[in-house]
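Structure record follows, encoded as structure tokens.
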Amino acid sequence: MLTEQEVLQALKQVEDPDLKQDIVSLGFVKNLIMTDAEVKFSIQLTTPACPVKEQLKEQSLQAVKLIAGNRVIKIDLTSDVKASAHKKAAVLPQVKNVIAVASGKGGVGKSTVAANLALALQRSGARVGLLDADIYGPSMPLMFGITASPHVNEEQQIVPIEKHGLKIMSMGFLSKDDAPVIWRGPMVHGIIQQFLTKVAWGELDYLVIDLPPGTGDAQLTLTQLAPLSGAVIVTTPQEVSLIDARKGLKMFQKVNVPILGIVENMSYYLDSNGKRIAIFGAGGGERTARELQVPFLGEIPIEPQVAAAGDQGEPIVIKIPDSAAGVAFKSVAGRVAQELSIENMKGPELPSDFKLAWKTK
Amino acid sequence: MENKVAVKPIEIKQLGEQELGIQWSDGHLSLFQVRDLRLKCRCAVCVDEWSGEKIMKEKEVPQDVKPVSIETVGRYGLRVVWSDGHQTGIYTYDYLRQLA
Chain A
1 MLTEQEVLQA LKQVEDPDLK QDIVSLGFVK NLIMTDAEVK FSIQLTTPAC
51 PVKEQLKEQS LQAVKLIAGN RVIKIDLTSD VKASAHKKAA VLPQVKNVIA
101 VASGKGGVGK STVAANLALA LQRSGARVGL LDADIYGPSM PLMFGITASP
151 HVNEEQQIVP IEKHGLKIMS MGFLSKDDAP VIWRGPMVHG IIQQFLTKVA
201 WGELDYLVID LPPGTGDAQL TLTQLAPLSG AVIVTTPQEV SLIDARKGLK
251 MFQKVNVPIL GIVENMSYYL DSNGKRIAIF GAGGGERTAR ELQVPFLGEI
301 PIEPQVAAAG DQGEPIVIKI PDSAAGVAFK SVAGRVAQEL SIENMKGPEL
351 PSDFKLAWKT K
Chain B
1 MENKVAVKPI EIKQLGEQEL GIQWSDGHLS LFQVRDLRLK CRCAVCVDEW
51 SGEKIMKEKE VPQDVKPVSI ETVGRYGLRV VWSDGHQTGI YTYDYLRQLA
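Chains A and B supply the protein sequences, listed in that same order.
Under full-length UniProt numbering, read the first sequence as residues 1 to 361, first letter to last.
Under full-length UniProt numbering, read the second sequence as residues 1 to 100, first letter to last.
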């Protein structure tokens, strides 16, 4: 007679490579049901974008096979995204993880990375929002082909616009056409606060925030107001971009926002023979990540289709998911989700809405 | 080293009329006399931003100054509203740990 204990004991051999613990101790194994004919259970991962989910499933299958005799083994993969350790905020209470996508320098494709990262996470099965916090140069309206304006609901909250299953909010929805936004710091602070507190985001597993380039008002405001779970730094392989990426990265470290890693965009061009041509040099992003001891999340190739897809309002992850860039974005999204899961196992930490009222006699 | 796990407060408590305790994630416990903390404020009103010279007049800070409230700023520091009305300072965790 096969017991539940024996199955769990067998599954204890399967380790999550990121969290470095077995899946039973991590509490991933759920709904174990055994009959004479079958063994059925689900593995609940910390993110639907988990890059090793098939590997874990296969290892679990092999482990149980050894003791299950003739029984059929059925494994269901589910996920329950964990919230950041400090997430209890009055700000964005229903959002489990807030990811800032930043770059030191402009023009490195940060918005393209943010849009495709959000879409790839969404397509893995997560609930995802995308906040375009680039006040001066919002790109999301164009990238998603959105011309509508958001409306305000009964609770006086702005309802984000939904496209491809993503909830999107952008300064571009509020200012019209080509009118530039000419604002000083306090105004920037004000609008970012509104995006965080006056938008009906609803329940989300991930909110991806596309930051403006640099290390100025908008970035500081976000690190102070938004309960950031981690930051993704985008760079190109060029030294001139890497220098600024380091600065952006250090800004986040100064304010204790965990660095999820570096994404290298425009890494190489694939010619018609499939040969890689490193237009801006090779390996800069990875080298920098190693030097600063942060994860390297991946390389995104230059493909004319990427830019075209963005300009046509359908990011590459949606338009040509099997393209080299589409696949690369999917892999980066998996790595980001993975790093967040690792980060979220750390703790404890003060909740982000911590407040102590001093008592006097 | 760069991405090392930062030492963070896990508990912040009032310990007496004038004493604040911070329990850190590495097990260390810091005790502060609150007036000392007030005098160590590094904000632009208390310390000249360019020269680093202290412009706060210690004599003018009441002997019985106390926090009114203490709250977190992002994931890196604390903002204290003081009973003498001062509230522009942010005490980063790094700084608090140096003082401890």
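Every residue, glycine too, gets a C-beta built ideally from N, C-alpha and C.
Bear in mind the structure is a predicted one, so any value in this text is a computation, not a measurement.
For Leu220/A against Leu196/A, the beta-carbon gap comes to about 14 Å, at or over 8 Å, which does not count as contact. Per DSSP, the beta bridge partners of Ala357/A are Ser69/B. Residues of chain A with a Cβ closer than 8 Å to the Cβ of Gln14/B are, in chain order, Leu356, Trp358 and Lys359.
With distances taken between CA atoms, Thr235/A lies nearest to Val113/A out of Leu340/A, Val113/A, Gly125/A and Tyr136/A. For Gly230/A, the three-state secondary structure derived from DSSP is strand. By the CB criterion at 8 Å, Ile73/A and Leu61/A fall inside the cutoff.
A direct Cα-Cα distance of roughly 14 Å separates Ile316/A from Val332/A. Counting only residues of its own chain and dropping the five nearest sequence neighbours on each side, Asn116/A has a CB closer than 7 Å to the CB of Pro315, Ile316, Val317 and Phe329. Distance between Ala309/A and Phe144/A, taken at the CA atoms: about 9 Å. When the five nearest sequence neighbours on each side are left out, the beta carbons in the same chain lying within less than 7 Å of the beta carbon of Gly248/A are those of Ala102, Ser103, Gly104, Thr215 and Ile233, in order along the chain. Judged by DSSP in its simplified three-state form, Arg71/A adopts coil rather than helix or strand. Distance from the CA atom of Ile70/B to the CA atom of Pro227/A, rounded to whole angstroms, is 17 Å. Taking 8 Å as the cut-off, the Cβ atoms of Leu131/A and Ile209/A count as close. Nearest Cα to Gln194/A within the set Pro213/A, Pro160/A, Leu166/A and Leu204/A: Pro160/A. Proximity of the region 281 to 298 of chain A to the region 133 to 142 of chain A falls short of the contact definition, fewer than three beta-carbon pairs being nearer than 8 Å. Among the residues of the region 70 to 95 of chain A, those with a Cβ less than 7 Å away from any Cβ of chain B are His86, in the order of the chain. Annotation: the continuous alpha helix (DSSP H) that includes Gln9/A extends over Glu4 to Leu11. Listed as beta-bridge partners of Tyr269/A by DSSP are Ile277/A and Ile302/A.
Of the other Cβ atoms in all chains shown, fewer than 16 fall within 10 Å of the Cβ of Lys275/A; this residue is therefore exposed.
Listed in chain order, the non-local C-beta contacts of Lys82/A below 6 Å within the same chain comprise Thr46 and Asn344, local neighbours out to five positions each way being set aside. In this structure, the straight-line span from the alpha carbon of Gln21/A to that of Lys59/B is close to 56 Å. The count of Cβ pairs closer than 8 Å, one atom from the region 13 to 20 of chain A and one from the region 54 to 69 of chain A, reaches three, so the stretches are in contact.
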